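In UniProt numbering, the protein residues as written are 1 to 363.
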C-alpha cells in the first residue's frame with residue numbers, strides 16, 4: 001500500500017491539562033502539529049503502512065520542524081510544497097471536561113494552502129506509485145483555491161486508478177469563503193462536485209446531513225441516543241445518490257458529557273449489500289465502547305479514518321467486518337492519547353479488538 005493524503009497542517013496550541021485559555025494566558029501553551037489529513041497519514045505510518053502527506057506551507061523554520069516531526073513517524077515529506085506566500089495556520093483548543101464542552105478557535109486565514117492554486121501542484125507525480133488517496137471536507141472549506149485544488153486532486157487520483165476516500169468532516173466555522181452563501185449551502189454545493197470521484201465515504205452523525213442533505217431519523221446525539229438502523233438507511237441513501245461509492249463508514253458517538261462518550265461505528269458495503277457494526281458483544285449485538293475520563297477526543301475521527309484505510313489495504317483484515325472492528329478500536333484508544341496524532345500501534349489496536357480493554361499494566 002501507499003497512501004497519499006492532502007490537506008492543511010496547523011500549529012495546535014493548547015493550555016496544559018484542562019485549563020481554559022484565559023487561565024493559561026499570559027503563560028504557557030503546548031504547541032504541537034495537527035490537521036485532519038496529516039493525522040490520517042501518521043496513523044497509517046504508525047501502524048505499519050506507507051503514507052505521504054501533500055500540502056503547501058511557508059518556507060520557514062516552522063515547516064522545517066514539521067517535516068522533522070513527520071519523518072519521526074516515517075511519513076513521506078517529499079510532497080510538501082514550500083511557498084513564498086502565506087503563513088502557517090494555527091488553531092487553539094481547550095479540552096472539555098464533564099459538562100463543559102471543548103472549544104476550537106481557528107487562526108488560519110491566509111495560510112499557504114488557502115492561497116495556492118490547483119495548477120501549482122503536480123498531481124500526476126504526486127500519485128505515481130500510490131494506490132489510495134485520502135482527503136477530507138475540511139480542505140475545500142478553507143478557501144476557494146483549496147476547494148479547486150481538492151477537486152483537481154480527486155479527479156486526477158481517479159484518472160490514475162487510485163481508490164479515493166473522503167471523510168466529510170463538516171466544520172461550520174470554515175465554510176465562509178463565498179459571500180452571500182450560507183455555510184451549509186456552500187458545503188453541499190462544493191461536496192456535490194467531489195462525491196462522484198469518491199469510493200469510500202466516512203462521516204459522523206451530522207456530516208451526511210450538513211454536507212449531503214441526508215439525515216438520520218430517531219437519533220439525538222446530544223441526548224446520547226443513536227439508532228444504528230437509521231444510519232444504515234443514511235448509508236443506503238448515499239450510495240443510491242452516488243453509485244460510484246462502494247463503502248460508507250459512519251462513526252457513532254454518543255456524547256453523554258465531554259468526559260464520557262460511547263463510541264462505535266457502522267460500515268455499509270455495497271458489494272455485500274449489508275452493513276456491519278462494531279464493537280459487538282458476545283451475542284453479536286452492537287455495544288459501543290464506553291469511554292470515560294477522555295484525555296483528548298480531537299483527532300478521534302481521523303484515527304478512525306486512518307485505521308480504516310490501513311485495514312482495507314491490509315489483506316488479512318481487508319474484509320469489511322474486520323476492517324471496521326480494527327478502525328473502531330484504534331479510534332477508541334486515541335481518546336486516551338493527548339494531541340492530534342494517534343500513537344497506538346497495530347499490536348495495541350489488535351489487542352483491544354481481541355478483548356484486552358482492562359488497561360492493566362503490560363509487563
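A virtual CB, placed ideally from N, CA and C, is assigned to each residue, including glycine.
Since this is a predicted model, take the numbers as computed values, not measurements.
Residue range of the beta strand (DSSP E) that residue i falls in?
i, result
"residue 312", "Element bounds for residue 312: not the beta strand (DSSP E) but the alpha helix (DSSP H), 300-312."
"residue 250", "247-255"
"residue 65", "First-last for residue 65: 61-72, but that is the alpha helix (DSSP H), not the beta strand (DSSP E)."
"residue 85", "Where residue 85 is concerned, there is no enclosing beta strand (DSSP E), given that its DSSP letter is neither H nor E."
"residue 167", "163-167"
"residue 6", "3-6"
"residue 53", "51-58"
"residue 295", "First-last for residue 295: undefined, no H or E at that position."
"residue 14", "10-14"
"residue 217", "Element bounds for residue 217: n/a, residue is neither H nor E."
"residue 199", "Here residue 199 belongs to no beta strand (DSSP E), and DSSP marks it neither H nor E."
"residue 104", "103-107"
Assuming contact is defined by CB atoms lying nearer than 9 angstroms, are residue i and residue j in contact in what I supplied?
i, j, result
"residue 53", "residue 37", "yes"
"residue 263", "residue 300", "yes"
"residue 58", "residue 84", "yes"
"residue 302", "residue 40", "yes"
"residue 249", "residue 267", "yes"
"residue 255", "residue 269", "no"
"residue 86", "residue 111", "yes"
"residue 123", "residue 152", "yes"
"residue 190", "residue 113", "no"
"residue 115", "residue 145", "yes"
"residue 207", "residue 137", "yes"
"residue 90", "residue 13", "yes"
"residue 200", "residue 236", "no"
"residue 261", "residue 253", "yes"
"residue 289", "residue 329", "yes"
"residue 196", "residue 94", "no"
"residue 21", "residue 92", "yes"
"residue 226", "residue 193", "no"
"residue 154", "residue 198", "yes"
"residue 203", "residue 168", "yes"
"residue 88", "residue 29", "no"
"residue 311", "residue 318", "yes"
"residue 76", "residue 35", "no"
"residue 210", "residue 184", "yes"
"residue 100", "residue 142", "no"
"residue 148", "residue 187", "no"
Using a Cβ-Cβ cut-off of 6 angstroms (strictly less than) and excluding sequence neighbours within five positions of residue i, which residues of its own chain qualify?
i, result
"residue 346", "47 and 48"
"residue 150", "135, 139 and 140"
"residue 74", "45"
"residue 295", "336 and 338"
"residue 363", "Here the model assigns residue 363 a pLDDT of 44, short of 50, so the residue's position is not dependable and the matter cannot be decided."
"residue 182", "none"
Output needed for residue i: all residues of its chain with C-beta closer than 7 angstroms, excluding positions within five of it in sequence on either side, in chain order.
i, result
"residue 98", "257, 258 and 259"
"residue 334", "299, 300, 303, 342 and 344"
"residue 280", "286 and 287"
"residue 238", "201, 208, 212, 214, 245 and 248"
"residue 332", "263, 289, 291 and 352"
Over what stretch of residues does the alpha helix (DSSP H) that includes residue i continue unbroken?
i, result
"residue 175", "Element bounds for residue 175: n/a, residue is neither H nor E."
"residue 36", "36-46"
"residue 236", "228-241"
"residue 22", "21-24"
"residue 157", "144-159"
"residue 185", "183-194"
"residue 208", "207-212"
For residue i, which residues from the same chain have a beta carbon less than 8 angstroms from its beta carbon, with the 5 sequence-adjacent residues on both sides left out?
i, result
"residue 361", "Per-residue confidence for residue 361 stands at a pLDDT of 48, beneath the threshold of 50, marking its modelled position as unreliable; no derived number is given."
"residue 129", "2"
"residue 292", "259 and 260"
"residue 67", "77 and 80"
Tell me whether residue i, by its Cβ, gets closer than 8 angstroms to a heavy atom of the ligand SAM.
i, result
"residue 130", "Ligands are entirely absent from the displayed structure, and the ligand SAM is therefore not among its contents."
(request) Only counting runs of 4 or more residues, tell me where the alpha helix (DSSP H) segments fall wholly within the stretch 309-347, in order along the chain. (result) 320-334
(request) Please determine if the stretch 167-176 and the stretch 326-338 are in contact, where contact requires at least 3 C-beta pairs separated by less than 8 angstroms. (result) no
(request) Specify whether the stretch 306-317 and the stretch 272-282 touch according to this definition: at least 3 beta carbon pairs, one from each stretch, less than 8 angstroms apart. (result) no
(request) Please list the segments of the alpha helix (DSSP H) lying wholly inside the stretch 109-142, counting only runs of 4 or more residues, in order along the chain. (result) 112-115, 123-127 and 139-142
(message) Going residue by residue through the stretch 265-292, where are the continuous beta strand (DSSP E) segments of at least 3 residues, counting only ones entirely within it?
(response) 274-278 and 289-291
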